[in-house]
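Trainee: Residues 279 to 687, numbered by the numbering used here, are exactly what the sequence shown covers, in order.
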Amino acid sequence: MENIYLISIKNISFCLNNFKRILFFILAIVSLNFIISSSVNNNTNERFFDGGSYQRKEELTYKLWNFNSTKGRTFNLSLYKYLEEFKLRSIDIDYVNITSSFILEPVIVTALSQNHFIESLSLFESIRRYLPNTKIIVYDLGFDDETIKKVKAICNVKYRKFNFDKYPSHVRNLHLYSWKAIVIAETLRDFKSIWYADASVKFKSSDLSRIYSLVTCHSRHPSYNRSLRRLKRNPKNDNQKNSELFDWKLNVEHCQKSSYLLHSFTGHGILPATHNGVFKYFPSNLTLIGTEKNKMYEAGFVFAVKTKDTVDNVLKWYLLCSLEKDCISPPNSRLAPCNFNNAGYDKISYDCHRYDQSVVNVLLSNANNFDTSNYISQLENFFEIKRRENRKWGEDLKCSADNSSQIIY
């Protein structure tokens, strides 16, 4: 009996020792995983809360398409929710494919503060005259009650109050122009094609078909790689007359324009009017972007269609930069005083900056082989820019008495 008792104790002791070894082995594996995980977190300077964190980081890091190894500074992870809201993630299929059956029905969008309302009346007058059946979306950046009533009374206007509370605090500073990318992203989500026009824009024509054809021509090439086509561009007849009509025909034939088109030249290059801090987020080839092919165009007059190109190359990054203060407004950046008369095209700026205009021009140049001609309409006879023009409020901006021209939203 005593021998049996001793054998039982030995068996129990043996089992306990084995259990200890197994427990030690498990703890060692857990500790090793923790060490590896901590190391990864330290190396990436990011805490991984779930399996999708790596993908989010990738979504928030800009890569120069023709220099894939070149990456910019990663945007704050808290901004990812805005990509979700405006459907700008890589998994969101919220863009249009331009096919032969695609019909453009752009709305006109503007965003105004109280001090620009009188100036904007000429814009509304021009729309009423030349584009009377076009929907207008007006964002209120700070109207008084009387102005709100007037805006709502303008024919075909849909009033929207800009919700500053949803965004980082710097967006409230209107002089940083962070609000503009938000307005454009929201309306492209809702309408898919828009004209964005600042208060100083006036339309001069009812026929915008030539501008539209620069984008709808893509229906002939539904599966082509636009970036590669831009690289291979070799326009024929370069030495022929430089007329708008000739350029337009050539551009439609080659069909290489971006679906995010600018129209009004500022008179200077991109590089001297872009604070160098922007390139921390959006690396570029400073030699190529500093040539005469890279003219800066105004960001306040845009025709845009929400294609995959527009989302991946421009809109997503335009929005993120506008929501991160050090990107849209790098430290020590300023709008004035700045003189570009003798700046040339290759001067690097450490102060002068055009905020949203600088950002969108860099993005467009990067995505279009560093050649402005690939993302401007090269058509000038359908609009004019007149700043600080005063026009009195009038009943003629309202719809007719029978409301026959009022569009139902």
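Cβ coordinates follow ideal geometry from the N, Cα and C atoms, glycine included.
#1: Take Ser447 and list the residues in its own chain whose beta-carbon comes closer than 8 Å to its own, dropping the five residues that flank it on each side.
#2: Looking only at its own chain, which residues have a Cβ that is under 8 Å from the Cβ of Lys482, when we skip the five neighbours before and after it?
#3: Determine, using beta carbons only, whether Phe421 and Phe440 come nearer to each other than 8 Å.
#4: For Leu355, tell me which candidate among Glu602, Ile626 and Asn619 has the shortest Cα-Cα distance.
#5: Based on the DSSP output, what are the partners of Ser447 in its beta bridges?
#6: At which residues does the beta strand (DSSP E) containing Glu662 begin and terminate?
#7: Here's the rule: buried if 16 or more other CB atoms are within 10 angstroms of the residue's CB, otherwise exposed. What is Asn517?
#8: Counting beta carbon pairs with one atom in the segment 540-550 and one in the segment 573-587, are three or more of them shorter than 8 Å?
#9: Below 8 Å between beta carbons: does that hold for Glu642 and Tyr653?
#10: For Lys535 and Ala477, what's the separation of their Cα atoms in angstroms?
#11: With a threshold of 7 Å on Cβ separation, who are the neighbours of Leu566 within its own chain once the five nearest residues in sequence on each side are excluded?
#12: Helix, strand or coil: which one does DSSP assign to Leu675?
#13: Mind checking which residues open and close the alpha helix (DSSP H) that includes Phe557?
#14: Starting from the C-beta of Tyr360, find all residues in its chain whose C-beta is less than 7 Å away, skip the five residues before and the five after it, and write them out in chain order.
#15: Assign Lys670 to one of three DSSP states: helix, strand, or coil.
#16: Hey, Glu576 and Thr544: beta-carbon distance below 8 Å or not?
#17: Does the segment 369-389 come close enough to the segment 623-638 that 3 or more CB-CB pairs lie under 8 Å?
#18: Need the endpoints of the alpha helix (DSSP H) that Ser368 sits in, please.
#19: Please look up how many angstroms separate the CB atoms of Ile606 and Val637, rounded, as I've assumed it's under 8 Å.
#20: Under a Cβ-count criterion, where at least 16 other Cβ atoms within 10 Å of its own Cβ denotes burial, should Asn639 be classed as buried or exposed?
#21: Within the same chain, show all residues whose beta-carbon is closer than 6 Å to that of Val387, passing over the 5 residues directly before and after it, in chain order.
#22: Can you pull the DSSP bridge partners for Asp418?
#23: What is the DSSP secondary structure of Ile685, counted as helix, strand or coil?
#24: Check for me: the alpha helix (DSSP H) holding Thr377 runs from which residue to which?
Mentor: Inspection of the coordinates gives the following:
#1: none
#2: Ser404, Tyr408, Asn659, Phe660, Phe661 and Glu662
#3: no
#4: Glu602
#5: Answer is none; Ser447 lacks a bridge partner.
#6: Phe661 to Ile663
#7: Because Asn517 sits at a pLDDT of 44, beneath the cut-off of 50, its placement in the model cannot be relied upon, and the following sentence gives the value as read from the coordinates. Exposed, because fewer than 16 other Cβ atoms sit within 10 Å of the Cβ of Asn517.
#8: yes
#9: Checking the sequence shown, residue 642 turns out to be Leu, not Glu. Yes; because the gap between Cβ atoms is below 8 Å, this pair is in contact.
#10: 26 Å
#11: Phe648
#12: helix
#13: Val556 to Tyr559
#14: Leu597 and Leu601
#15: coil
#16: yes
#17: no
#18: Neither: Ser368 is in no alpha helix (DSSP H) and is coded neither H nor E.
#19: 6 Å
#20: buried
#21: Ile415, Thr465, Ile472 and Tyr474
#22: Leu390 and Lys439
#23: coil
#24: Counting along the chain, Thr377 falls outside any alpha helix (DSSP H), and DSSP gives it neither H nor E.
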